[in-house]
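To keep things clear, I will list the structure first and then write my remarks on it.
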Amino acid sequence: MYRILIIILVCFHSFILSQKFEGESKSVGKVNNGKLVNGRKFPYNGENYQYFSPFSYYILNRAWTHSKIVDITLETYKECEKKIPHHHFLLMECSKKNGGKMKPHRTHQNGTSIDFGTPLLKDGKPYKIHNSLGLYHYLMTFDEKGNWTNNKRVTIDFESMAQHILILDKIARKNNMYVKKVIFKINLKDNLFNTKSGKKLKRKKIYFARKLPKIVDNLHDDHYHVDFGFHK
Ligand SMILES: [Zn+2]
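Just so it is clear: in the sequence shown, position 164 is 367 by our numbering, and no numbers are missing.
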C-alpha cells in the first residue's frame, strides 16, 4: 500500500515538475520570518546527489528554494563531479513551496536556506549508506573529531565539505549572490578550517556562526546549514 502511494506521488510530482516554472522567484522577508513567491523545487536526484528523504520531499514538500539558488546548487554539483568525483552528495531540507514556518527549523522561511548533508568517509573511503537514513539523518551525532558515535569507522570528510562550500560561493558570486552564513557545529569548525580547502574558506572570510544555542549547535554535525545572500 505504502509503495503504491509513493508511486502515485512520484508520478504526480513528475507531472508538476514537468510544468515549466516561469520567471524568477522572490524571497520576501527574512529567513526566520518570510515567504517564498514562485519558488522552484529541486529534482529528487541527479548524477552525484540525491534528496535525503522521500517523506520530506513528497509528503512534507520541503525541497523548494529561490530559482537562482536551485541553479547555483545544481551547477555546484556539476563542478563537484569533476573536482570531488568520488562523492555522492546529500541535499536535505530547504523550504516549503510558499516558504513560511517549517518546524522544527527556526529559519528556512524565505527560500534562501539549504541544509547540506555532511560528506562522510568509512575507513577513508566515501560512505553512501547514510543516504538511506531518511529523516533519521538529522539525528546522527558525531564526536569532537568528527567520528560518528554509532560507528567510529565513519568520519566527516572535512576537506570535501570545505571544497563544496568554496564552489557553492564561487558559483553564487557569478550569479550576483553569495554564501551569507554557514551554521556548523562549533567544536568541529577547527577540523574543517585545518584542511587545505578549509584554510581557503577562512581566507575568503565566508561567515560561520560563532556562537549557537546548545540545541542548535548539537544538530549541526550531520549537516551544515547555508543561507544565501543577494548582492544588491
Ligand atoms: Zn537548516
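Cβ atoms here follow ideal geometry from the backbone N, Cα and C, with glycine treated the same way.
Practice task
Assess, as a yes-or-no matter, whether the segment 305 to 318 is touched by the segment 266 to 274 under the definition of 3 or more beta carbon pairs within less than 8 Å.
Solution key: yes
Handout entry: Buried or exposed by the 16-neighbour rule on C-beta atoms within 10 Å, applied to Asn-394
Key = buried
Exercise for the section: Identify whether Leu-263 lies in helix, strand or coil by the three-state DSSP scheme. Expected result: coil
Exercise for the section: Please name the residue in Lys-377, Glu-362 and Met-305 whose C-alpha comes closest to that of Leu-324. Expected result: Glu-362
Problem - Which listed residue (Gly-302, Leu-263, Ala-365 and Lys-377) has its alpha carbon closest to that of Ile-409 - result: Ala-365
Exercise for the section: Using only the heavy atoms of ligand 1, determine whether one of them is closer than 7 Å to the beta carbon of Ser-298. Expected result: no
Problem - Where the beta strand (DSSP E) containing Ser-316 begins and where it ends - result: 316 to 320
Exercise for the section: Count the other C-beta atoms from every protein chain shown that fall within 10 angstroms of the C-beta of Glu-296, then say buried if there are 16 or more, exposed otherwise. Expected result: buried
Exercise for the section: Note down, in chain order, each residue of its chain lying with its Cβ closer than 7 Å to the Cβ of Lys-405, except the 5 sequence neighbours on either side. Expected result: Phe-396
Problem - Backbone secondary structure at Leu-239 - three-state DSSP - result: strand
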